[in-house]
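Only one structure is covered here, and it is reproduced in the block below.
Numbering (the working numbering), first residue to last: 316 to 492.
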């Protein structure tokens with residue numbers, strides 16, 4: 316007998332909706348590519364990320380950074396809304412709220428983690444850094460993007476799924492069909 320865990324259930328949700336998962340993954344790869352590029356350039360110019368400095372707008376890719384951050388948050392938000400029917404079914408059969416939040420957050424990270432890794436490979440493989448930008452700068456910029464990915468995912472997914480668990484489960488199921 317196969318035991319159903321949060322990880323296996325999240326992976327089954329993604330494989331069930333293969334077309335949506337592929338579309339979200341490819342768009343996520345594109346967004347992550349530009350986000351990592353923006354952070355790499357920022358680290359090269361300033362040896363860190365300075366998000367509040369207005370002076371750095373003339374030489375840095377802050378507009379690209381903010382645009383890709385908001386695009387990533389939008390992808391996370393719409394992926395959470397895509398699972399509104401599943402949340403309604405889980406709540407209708409007696410699922411707990413924290414379990415729904417954890418399951419859909421896990422599904423979100425399983426969907427976008429390969430996109431992040433592919434974007435990292437694209438950035439490091441096809442977009443070489445300047446000669447004076449060392450391996451330590453690359454590691455710091457990739458780690459910063461990973462932390463930003465996790466932070467934005469939690470920031471968007473937990474409230475979105477959390478609020479949707481308070482809806483009437485039968486109404487959310489009917490909306491999805």
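Ideal Cβ placement from N, Cα and C applies to all residues, glycine included.
Short check: CB of residue i to CB of residue j, under 8 Å?
i           : j           : result
residue 449 : residue 358 : no
residue 335 : residue 418 : no
Would you report the Cα separation of residue i and residue j, rounded to the nearest angstrom?
i           : j           : result
residue 480 : residue 442 : 42 Å
residue 458 : residue 354 : 10 Å
residue 471 : residue 317 : 32 Å
residue 478 : residue 484 : 12 Å
residue 261 : residue 456 : Absent from the model: residue 261. The displayed extent of the chain is 316 to 492, so no value can be given.
residue 332 : residue 463 : 26 Å
residue 360 : residue 347 : 20 Å
List the endpoints of the continuous alpha helix (DSSP H) containing residue i.
i           : result
residue 436 : 412-441
residue 477 : 450-479
residue 328 : 321-331
residue 318 : That residue, residue 318, is in no alpha helix (DSSP H); it is neither H nor E in DSSP.
residue 482 : First-last for residue 482: undefined, no H or E at that position.
residue 408 : Taken as a continuous stretch (DSSP letters only), residue 408 belongs to no alpha helix (DSSP H), as it is neither H nor E.
Please tell me whether, using a cut-off of 7 Å, the distance from the CB of residue i to the nearest non-hydrogen atom of the ligand SAM is below it.
i           : result
residue 358 : By its list of ligands, the structure shown contains no ligand whatsoever, and the ligand SAM lies outside what it can speak to.
If you drop the 5 nearest sequence neighbours on each side, which residues of the same chain put their C-beta closer than 8 Å to that of residue i?
i           : result
residue 392 : 471 and 475
Inset, instruction - Evaluate the contact criterion for the segment 377-391 versus the segment 432-446: three or more CB pairs, one atom per stretch, below 8 Å. - result: By the Cβ rule, the segment 377-391 does not count as touching the segment 432-446, because fewer than three pairs are nearer than 8 Å.
Legend entry - Inter-stretch contact (C-beta, 8 Å, three-pair minimum) for the segment 321-331 and the segment 410-423: Between the segment 321-331 and the segment 410-423, the count of C-beta pairs closer than 8 Å reaches three or more; the two stretches touch.
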